[in-house]
Ligand SMILES: CC(C)(COP(=O)(O)OP(=O)(O)OC[C@H]1O[C@@H](n2cnc3c(N)ncnc32)[C@H](O)[C@@H]1OP(=O)(O)O)[C@@H](O)C(=O)NCCC(=O)NCCS
């Protein structure tokens, strides 16, 4: 590894499809409970993806979870130590940034199934989609079944318990919308007064940051 960026790889024994120009650190670990299948891949990585050190990918067998799989779009960057579960299906669209030590969870254990040891209860699954160009800040957690809209930002250390709309900036535990980015589009569908207030807040925020 030169200058802190992993070497380019063209194949990996545990990843069925890798695009061109992908960089995967040697310490990336993969736990797959499903068979390697080129025709029906469990892990598919598009062009220019970077997986930094100690990233962990997990996928299930499709007989346990029919949507199991991890699909990374073009130029997705996953920073050190992040945990990406694709057991319930994980779709990360193009140009998404995943900060260090992020946890994306698509599986869990049934809490109310009856057995007093959680270990003996069934697994539960819920897919996660991260929209194009989103940014997940360091150490945040995305719970199973939640989607992050395109261009959205999740603050460092936040826990996402609800879907995040496109271009929203969310933060905290549970994560709440603190504003929308710039002049952004989803506001047009809202009450015009709310739109005006959000645009003013956004403009004031930008001006105070510049001074
Ligand atoms: C979410 C983030 C982008 C927001 O930045 P910003 O728009 O400049 O926001 P501000 O610093 O003006 O904060 C706005 C409000 O949100 C709160 N807030 C910001 N980030 C927060 C976070 N991660 N968790 C909880 N609250 C947060 C602030 O306390 C502030 O609250 P207030 O209005 O009650 O005072 C930024 O705080 C962040 O978390 N960035 C991630 C950095 C990172 O992970 N880097 C790793 C590199 S990949």
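In our numbering, the protein residues as written are 57 to 267.
By construction, the Cβ of each residue, glycine as well, lies at the ideal position given by its N, Cα and C atoms.
All values reported here derive from a predicted model rather than from experimental measurement.
Please report the residue range of the beta strand (DSSP E) in which residue i lies.
| i | result |
| --- | --- |
| residue 224 | 224-227 |
| residue 165 | 163-165 |
| residue 202 | Careful: residue 202 lies outside any beta strand (DSSP E) and carries neither H nor E. |
| residue 88 | 85-88 |
If the criterion is Cβ atoms closer than 7 angstroms, does the pair residue i and residue j meet it?
| i | j | result |
| --- | --- | --- |
| residue 146 | residue 184 | yes |
| residue 128 | residue 148 | yes |
| residue 113 | residue 126 | yes |
| residue 104 | residue 77 | yes |
| residue 192 | residue 158 | yes |
Looking only at DSSP bridge pairs, what is residue i linked to?
| i | result |
| --- | --- |
| residue 236 | 224 |
| residue 110 | DSSP, once it has assigned bridges, lists no residue as partnering residue 110. |
| residue 180 | 164 |
| residue 197 | 159, 215 |
| residue 74 | 101 |
| residue 192 | 154, 210 |
| residue 257 | Note: residue 257 sits in no beta bridge, so no partner. |
Review point. Would you call the stretch 218-229 and the stretch 167-174 in contact, with 3 or more CB pairs under 8 angstroms?
Key: no
**Study point:** Minimum length 3: unbroken beta strand (DSSP E) runs contained in the stretch 117-177
**Key:** The qualifying runs are 126-128, 139-141, 146-148, 163-165.
Check your understanding: Given 8 angstroms as the limit, is there contact between the stretch 152-159 and the stretch 175-182, that is, 3 or more CB pairs closer than that?
Key -> no
Review point. Quick one: any contact between the stretch 112-120 and the stretch 76-93, if contact means 3 or more CB pairs under 8 angstroms?
Key: Three or more Cβ pairs drawn from the stretch 112-120 and the stretch 76-93 lie within less than 8 angstroms of each other, which places the two stretches in contact.
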